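Enquirer: Residue numbers (this note's numbering), protein chains in the order written: chain A, 1 to 322; chain B, 323 to 604; chain C, 605 to 938. There's a structure below that I have some questions on.
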Amino acid sequence: MSAILAVPILQVRGLRVEFAHPLGAVHAVDDVSFTLEANERLGLAGESGSGKSTMALAILRMIKPPGRIVGGRVTLDGVELSALDHEGMRRLRLAGIAMVPQGSMNSLNPVMRIKAQLADAFRDHGVQLSSADLDARIAELLSTVGLRAEVANLYPHELSGGMKQRACIAIAICLRPKVIIADEPTSALDVVVQRQVMETLARVQRALGCAIILVGHDMGLMAQFVDRLGVMYAGRLVEVAPIGEIITRPRHPYTQALISSLPSLEARGTMQGIPGLAPLLRDLPPGCAFHPRCARAEARCRAEKPAVRDLGPGQQAACHFA
Amino acid sequence: MNGFTRYLGRNLSLVVGSGLLLFLLAFVVVGHFIVDVEDARALSVRPLQPPSWRYPFGTDRQGRDLLAVMVAGTPLTLRIGFIAGILGVGIGTVLAFVAAYYRGWADTIIRGIADIGLTVPGLLVLIIIAVGIRGGLSVNQMALVVASLAWLNPTRTIRSQVLSLRERGYVEIARMSGMSGPAIIFFELMPNLLPYLAATLVNAVSSAILASIGLEVLGLGPIDAPTLGMTLYWVNFNAAMINGWWWWWLAPTVIIVLVFLGLFFVTVGLDEIANPRLRKSA
Amino acid sequence: MQLRDILKRCGVFFVIVWLAASLNFFLPKLSGQDPVRTKLLQQAQLGGYVQQGIDEMVKVYEVRFGLDRPLWQQYLSYLGDVVRGDFNFSIANYPRTVADMIGESIPWTVGLLGMTTILSFVIGTILGALLAWPRAPRWMAWLMPPLWALHAIPFFLLGLILMYLLAFQVPLLPIFGGYSMGVNPSLSFTFILDVMRHATLPALSIILVATGGWALGMRGMMVTTMGEDYVVFAEGKGLKSLTVFTRYCLRNAILPQITALALALGQILSGAVLVEVIFGYPGIGTLLFQAIRENDHFLIQGIVFTVIVSLGLATLLLDLVYPLLDPRISYRRT
Chain A
1 MSAILAVPIL
11 QVRGLRVEFA
21 HPLGAVHAVD
31 DVSFTLEANE
41 RLGLAGESGS
51 GKSTMALAIL
61 RMIKPPGRIV
71 GGRVTLDGVE
81 LSALDHEGMR
91 RLRLAGIAMV
101 PQGSMNSLNP
111 VMRIKAQLAD
121 AFRDHGVQLS
131 SADLDARIAE
141 LLSTVGLRAE
151 VANLYPHELS
161 GGMKQRACIA
171 IAICLRPKVI
181 IADEPTSALD
191 VVVQRQVMET
201 LARVQRALGC
211 AIILVGHDMG
221 LMAQFVDRLG
231 VMYAGRLVEV
241 APIGEIITRP
251 RHPYTQALIS
261 SLPSLEARGT
271 MQGIPGLAPL
281 LRDLPPGCAF
291 HPRCARAEAR
301 CRAEKPAVRD
311 LGPGQQAACH
321 FA
Chain B
323 MNGFTRYLGR
333 NLSLVVGSGL
343 LLFLLAFVVV
353 GHFIVDVEDA
363 RALSVRPLQP
373 PSWRYPFGTD
383 RQGRDLLAVM
393 VAGTPLTLRI
403 GFIAGILGVG
413 IGTVLAFVAA
423 YYRGWADTII
433 RGIADIGLTV
443 PGLLVLIIIA
453 VGIRGGLSVN
463 QMALVVASLA
473 WLNPTRTIRS
483 QVLSLRERGY
493 VEIARMSGMS
503 GPAIIFFELM
513 PNLLPYLAAT
523 LVNAVSSAIL
533 ASIGLEVLGL
543 GPIDAPTLGM
553 TLYWVNFNAA
563 MINGWWWWWL
573 APTVIIVLVF
583 LGLFFVTVGL
593 DEIANPRLRK
603 SA
Chain C
605 MQLRDILKRC
615 GVFFVIVWLA
625 ASLNFFLPKL
635 SGQDPVRTKL
645 LQQAQLGGYV
655 QQGIDEMVKV
665 YEVRFGLDRP
675 LWQQYLSYLG
685 DVVRGDFNFS
695 IANYPRTVAD
705 MIGESIPWTV
715 GLLGMTTILS
725 FVIGTILGAL
735 LAWPRAPRWM
745 AWLMPPLWAL
755 HAIPFFLLGL
765 ILMYLLAFQV
775 PLLPIFGGYS
785 MGVNPSLSFT
795 FILDVMRHAT
805 LPALSIILVA
815 TGGWALGMRG
825 MMVTTMGEDY
835 VVFAEGKGLK
845 SLTVFTRYCL
855 RNAILPQITA
865 LALALGQILS
875 GAVLVEVIFG
885 YPGIGTLLFQ
895 AIRENDHFLI
905 QGIVFTVIVS
915 LGLATLLLDL
925 VYPLLDPRIS
935 YRRT
């Protein structure tokens, strides 16, 4: 049983994020707990607005007002992050947990060369390098992500979308982090480039031996890439299970709907969407937030919020019927 | 109505700005009842009287009652600003729509002229124009002179605004559904631009007043009109500051400052309506 | 930056020069009568000590402009004069030439405007950046309302108020002029100090107003920039907040400020003309004021032309420097 031998590298316990709003606080992340093991690839899926990106930022303690982390603990390799001061947390970003930004975004400073954007990461983390060593390190990092060394001297606008995203990955791995959080790293890239970027990400993960949290909504991509998948709905983590398990035997009705909405090659029937609309976080229904869209909903679902229950090794779900 | 007042509660700039302008309006209206506007002419009252119960704002060296001058002059100055501002924004809007909607050579020419015109210091061009047609400008002619450059800035800013609107989905849909160019402009673009146009207008009025006061202080204004700028011209002409006749410049200065502050805060408030995105960050 | 771009920008500059010259030439003609001639005759009729000068000038004037020649020939020869920097004689101060008089006042204006523009731009930009920075001290928020209010006031009105407060009520600073009367301009320490004391009030009235504008503009740009993805990622990189602030936020937010500077130069100058008049500061603005009072058309035209050309030059320089700060510009044009 490999799951028993696995060492937890990142533990998230009861994480809560609130956004202040004139009509009452909004719980963007509501009591989320999960464990990430060394070398593991964990996927976090959910509709937009389900709180998955907010949670990625919350782990890095990068929530901006009016948002606020109101509870929970994040532990990286035995270090409790909420106990760190501002400076300690800053040093831990990139060195301990690195982020790979969304592929659709302008995540590189348009007026700085790639080289300078890598160099300031080294410098601000106290890595002193001679100019020649720095050039060598940068060339090595770029080749790891499949970019030519000359790219170092280019500006972001001179790179294609896929190249920019590789450059971001190069930055993310430059201090050999223990965990990489990739928030939809391939959104807005075309399919071929998407594949290349994911392969790059997989390769550097193996080379570094780090764990990855992949945030996204593309279930197909998740199925190919991750070891375990978590599903978020309305700020809650409603199910986590090994990927094989969750695809074949989803426990939560929302996960079931999500899986059956995937087009498959065998069943060429009508594609099934999930009935109803994603709920407004500001105005969540009482009880289980999914009940208005759930085919199995009963009186209990409307009244009582289901707790997260362990269903097996590395497997949990929050549903009265799971 | 309740929602409206609540909105005003959040848009403080608009409240402060309109408040200041309403105060000036009240001053002018009430002023017309308590003072004889004829005393704004030279040689009407005893010269160089400091403020007193009889002459609350004092009198100037040529024998004008400064309260009467302010009551008569404030609307004149505002009139110059509004005529020039409305003309400027009107012409600017038409040019901007033509340039941004039809693009091509029309856009190149209109944008080129506006861009070049804006790098030239407006006051100096106005000086050349005013000197060229000298021989006693009337208040309305003054407004026309100022209007001759007042369209440059509106053209430029409205053009870029229309360009960004043009790319939105609903314009695309209107175009595909066979709506004509002018119809799209009127029914699809205009309503979305209205708050923005209002902000541009107030801004243009403010610049026009600034330009007209500038010309007047330099002695190129309507010599016999008691506008705020002309009052400052006489202040400077008679070296009122060095001679210690403080009341002479105090009244026009305070009123001009109120005019500009009022217009400025109204612009800020209208901007907030036009760009709701700014609301959170402001 | 491409050679084509540089040529294009220079082309725009020459168009501005040509337009300014043509404006100067045609606008007075449009008014029907020839104001120069009227003025000359008027002066001549007054007789007296200028009589001889006027006769001479009328001659020079008629030869130079060839009033009998067709308009286009007059126009071409006028353009020729302009190229040579010859703006004729001053009517009111014959036999002094317009070029000579402008040359004398230009250093004053360039000194005052150069210093105030740079100071207010730098101070305002830094202030605006700090106002938007979440880690800036709390009290800075109190600076906003006065900055807004100051920004809305014309330069010369603040000048009047300052003059009353700091020169008349509390005579800290001289009220009028560029240097004390009866002092001979020289490069001595006392003279320079005297000049600086005289320039303080005009400079202050420009700086206080202009700083507010730059600060408000910069603050707005900073707020926009701080929401950019690359700033979020920079923070995710664990960079020091000073690094994020300077190299990511400030560095990008300042670009539109520089574009705005090129556009604002004209307005700053228009406002400064009036400040000079109010304070009797011996620069271009006061010279222009005198020229208007004395109906000295050659002088007015010379000044307007010189100022438009110098501003065009300043804008051209800014345009040429800008691509060095923004690597995207040269790329976009290729």
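All residues carry an ideal CB built from backbone N, CA and C; glycine is no exception. Just so it is clear, the structure is predicted and the values come from calculations on it, not from any experiment.
#1: Using three-state DSSP, classify residue 47/A as helix, strand or coil.
#2: Within 8 Å of any Cβ in chain A, is that where the Cβ of residue 854/C sits?
#3: Mind listing which residues of the region 778-811 of chain C have their C-beta closer than 8 Å to chain B's C-betas, in chain order?
#4: Could you give the DSSP three-state label for residue 337/B: helix, strand or coil?
#5: Does any residue of chain C have a CB that is nearer than 8 Å to the CB of residue 570/B?
#6: Would you verify that the beta carbon of residue 208/A is, or is not, closer than 8 Å to some beta carbon of chain C?
#7: In the region 142-225 of chain A, which residue ranges form an unbroken alpha helix (DSSP H) of at least 4 residues, counting only runs that do not cross its ends?
#8: Name the residues in the region 909-923 of chain C whose C-beta lies less than 7 Å from a C-beta of chain B; which are they?
#9: Checking contacts by CB at 8 Å: is residue 157/A closer than that to chain C?
#10: Tell me whether residue 321/A sits in a helix, a strand or coil according to DSSP, three-state version.
#11: Could you work out which residues of chain B lie near residue 860/C, taking near to mean beta carbons separated by less than 7 Å?
#12: Output, in chain order, the set of chain B residues within a Cβ distance shorter than 8 Å of residue 679/C.
#13: Helix or strand or just coil, what does DSSP make of residue 239/A?
#14: Per DSSP, which residues does residue 76/A bridge with? Please list them.
#15: Answer yes or no: the CB of residue 709/C versus the heavy atoms of the ligand FMN, is any distance below 7 Å?
#16: Between residue 79/A and chain C, is any beta-carbon pair separated by less than 8 Å?
#17: Terminal residues of the continuous beta strand (DSSP E) containing residue 100/A?
#18: Along the chain, where does the beta strand (DSSP E) that runs through residue 371/A open and close?
#19: Which same chain residues, not among the five before or five after residue 859/C, have their C-beta less than 7 Å away from its C-beta?
#20: Quick check: residue 396/B and residue 535/B, are their CB atoms within less than 8 Å of each other?
#21: Nearest to residue 856/C by CA position, among 628/C, 630/C and 831/C, is which residue?
#22: Taking residue 753/C as the query, report the chain B residues whose CB atoms sit under 7 Å from its CB, ordered along the chain.
#23: Quick check: the region 835-842 of chain C against the region 757-767 of chain C, are at least 3 beta-carbon pairs closer than 8 Å?
#24: Hey, could you find the ends of the alpha helix (DSSP H) residue 702/C is sitting in?
#25: By how many angstroms is the C-alpha of residue 13/A removed from the C-alpha of residue 70/A?
#26: Check the DSSP bridge columns for residue 310/A and list the partner residues they point to.
#27: What residues from the region 542-565 of chain B come within 7 Å of chain C, judged by C-beta to C-beta, listed N to C?
#28: Residue 35/A lies in the beta strand (DSSP E); which residues open and close that run?
#29: List the residues of chain C whose Cβ lies closer than 7 Å to the Cβ of residue 171/A, in chain order.
#30: Specify whether the region 523-537 of chain B and the region 405-416 of chain B touch according to this definition: at least 3 beta carbon pairs, one from each stretch, less than 8 Å apart.
#31: For residue 210/A, is the classification buried or exposed, using 16 other Cβ atoms within 10 angstroms of its Cβ as the cut-off for buried?
#32: Can you tell me whether residue 18/A is helix, strand or coil according to DSSP?
#33: Can you check whether the C-beta of residue 815/C is within less than 8 Å of a C-beta belonging to chain A?
#34: So is residue 518/B buried or exposed if we call it buried at 16+ other beta carbons inside 10 Å?
#35: When the Cα of residue 464/B is compared with those of 413/B, 430/B, 402/B and 362/B, which residue comes out closest?
#36: Between residue 604/B and the rest of its own chain, which residues show a CB-CB distance below 8 Å, the 5 nearest in sequence each way excluded?
Expert: In this structure, then:
#1: Working through the first sequence from its first residue, we reach residue 47/A at position 47. Looking at residue 47/A - three-state DSSP - the assignment turns out to be coil, as it is neither helix nor strand.
#2: Taking the third sequence and counting its residues from 1, one reaches residue 854/C at position 250. Contact with chain A is absent for residue 854/C, since none of that chain's Cβ atoms lies less than 8 Å from the residue's Cβ.
#3: Going along the region 778-811 of chain C in chain order, one finds 779 and 780 with a Cβ nearer than 8 Å to chain B.
#4: Walking along the second sequence from the start, residue 337/B turns up at place 15. When secondary structure is reduced to three states using DSSP, residue 337/B falls in the helix class.
#5: One-based indexing of the second sequence puts residue 570/B at position 248. No, its Cβ sits nowhere closer than 8 Å to a Cβ of chain C.
#6: As a first step, residue 208/A must be located in the first sequence, where it is residue number 208. Judged by the 8 Å Cβ criterion, residue 208/A is not in contact with chain C.
#7: The qualifying runs are 161-173, 191-208 and 219-225.
#8: When C-beta distances to chain B are compared with 7 Å, the residues of the region 909-923 of chain C below that value are 911, 912, 915, 916 and 919, in chain order.
#9: Mapped onto the first sequence, residue 157/A falls at position 157. Residue 157/A belongs to the set of residues whose beta carbon lies under 8 Å from a beta carbon in chain C.
#10: For this step, residue 321/A is matched to residue 321 along the first sequence. Coil at residue 321/A, not helix or strand.
#11: In the third sequence, counting from the first residue as 1, residue 860/C sits at position 256. Going along chain B, no residue has its Cβ under 7 Å from residue 860/C, so there is no contact; the nearest lies around 13 Å.
#12: Reading the third sequence from its first residue, position 75 is the one you call residue 679/C. Per Cβ cutoff of 8 Å: no residues; residue 679/C is ~16 Å from chain B at best.
#13: Residue 239/A sits at position 239 when you count from the first residue of the first sequence. Strand, per DSSP.
#14: As a first step, residue 76/A is located in the first sequence; it is residue number 76 there, counting from the start. The partner list for residue 76/A (beta bridge, DSSP) reads 10/A and 79/A.
#15: Absence of the ligand FMN from the depicted structure is noted, as is the absence of any ligand whatsoever, leaving it without description.
#16: By one-based count along the first sequence, residue 79/A stands at place 79. False, the Cβ-Cβ gap to chain C never drops below 8 Å.
#17: In the first sequence, residue 100/A corresponds to position 100, counting from 1. Bounds of the beta strand (DSSP E) holding residue 100/A are 97-100.
#18: The shown model of chain A, from 1 to 322, leaves out residue 371/A, and the question about it has no answer.
#19: Indexing the third sequence from 1 puts residue 859/C at position 255. If we look at residue 859/C and ignore the five residues flanking it on each side, its Cβ neighbours are 929 and 930.
#20: Taking the second sequence and counting its residues from 1, the one referred to as residue 396/B is at position 74. Taking the second sequence and counting its residues from 1, the one referred to as residue 535/B is at position 213. The answer is no: Cβ separation not under 8 Å.
#21: Taking the first residue of the third sequence as 1, we reach residue 856/C at position 252. For residue 856/C, the nearest C-alpha among the options comes from 831/C.
#22: Position 149 of the third sequence, counting from 1, holds the residue named residue 753/C. One finds 583 in chain B with Cβ atoms closer than 7 Å to the Cβ of residue 753/C, taken in chain order.
#23: No: the two stretches stay apart, fewer than three of their Cβ pairs being nearer than 8 Å.
#24: Residue mapping note: residue 702/C aligns to position 98 of the third sequence, counting from 1. Here the alpha helix (DSSP H) through residue 702/C covers 702-736.
#25: Counting from 1 along the first sequence, the entry for residue 70/A is found at position 70. Counting from 1 along the first sequence, the entry for residue 13/A is found at position 13. Each residue's alpha carbon lies about 12 Å from the other.
#26: Here residue 310/A refers to the residue found at position 310 of the first sequence. Answer is 316/A, bridged to residue 310/A.
#27: Taking 7 Å as the cut-off between beta carbons, the residues of the region 542-565 of chain B near chain C are 542, 558, 563 and 564, in sequence order.
#28: As a working mapping, residue 35/A is identified with position 35 in the first sequence. Judged by DSSP secondary structure, residue 35/A falls within the beta strand (DSSP E) whose first and last residues are 26-37.
#29: For the purposes of this step, residue 171/A is identified with residue 171 of the first sequence, where counting begins at 1. The contacting residues are 841.
#30: Yes: the two stretches touch, three or more of their Cβ pairs being nearer than 8 Å.
#31: One-based indexing of the first sequence puts residue 210/A at position 210. Result: buried.
#32: On the first sequence, residue 18/A is found 18 positions in, with the first residue counted as 1. Three-state DSSP puts residue 18/A in a strand.
#33: Here the question's residue 815/C lines up with position 211 in the third sequence. Using beta-carbon distances, residue 815/C does not count as an interface residue toward chain A, since no partner is under 8 Å.
#34: In the second sequence, the residue the question calls residue 518/B occupies position 196. Within a 10 Å sphere around the beta-carbon of residue 518/B sit 16 or more other beta-carbons, which makes this residue buried.
#35: In the second sequence, residue 464/B corresponds to position 142, counting from 1. Of the candidates 413/B, 430/B, 402/B and 362/B, the residue whose Cα lies closest to the Cα of residue 464/B is 402/B.
#36: In the second sequence, counting from the first residue as 1, residue 604/B sits at position 282. Low confidence applies to residue 604/B: its pLDDT is 32, below 50, so where it sits in the model is not reliable, and the reading given next is rough at best. Non-local beta-carbon contacts of residue 604/B in its own chain, meaning distances under 8 Å to residues more than five positions away in sequence, involve 594 in chain order.
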